[in-house]
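Step one of this worksheet: look at the structure below.
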Amino acid sequence: MRDEEGQECPGLDEARAEAVASARSIMREALWSGRLPLNECIEIADEKGQILLTVPFREAVTIEE
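The sequence shown: position 30 = 30 (the UniProt record's numbering), numbered continuously.
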């Protein structure tokens, strides 16, 4: 899934925090259908499309057994 519009953030820390929140939201929705997409990720890119940071979904949650 690609987000062509994206979201402006003042820095990488803020962009990472937003990506973590988005990953959690996507996983929460997926759980309703019995899925947990831990192998997905969100890529953070600059205005030119250069990828600056990748946030794996599994880093957005703590898995407890």
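Note that beta-carbon positions come from the ideal geometry of N, C-alpha and C, so glycine has one too.
* Is the stretch 53-61 touching the stretch 21-32, taking contact as three or more C-beta pairs under 8 Å? -> yes
* Alpha-carbon spacing of A23 relative to D3, whole angstroms -> 13 Å
* **Secondary structure of L52, DSSP reduced to three states** => strand
* Just checking my contact of L52 with I44 at CB under 8 Å: how many whole Å lie between their CB atoms? -> 5 Å
* Quick one: grab the DSSP three-state call for E43. => strand
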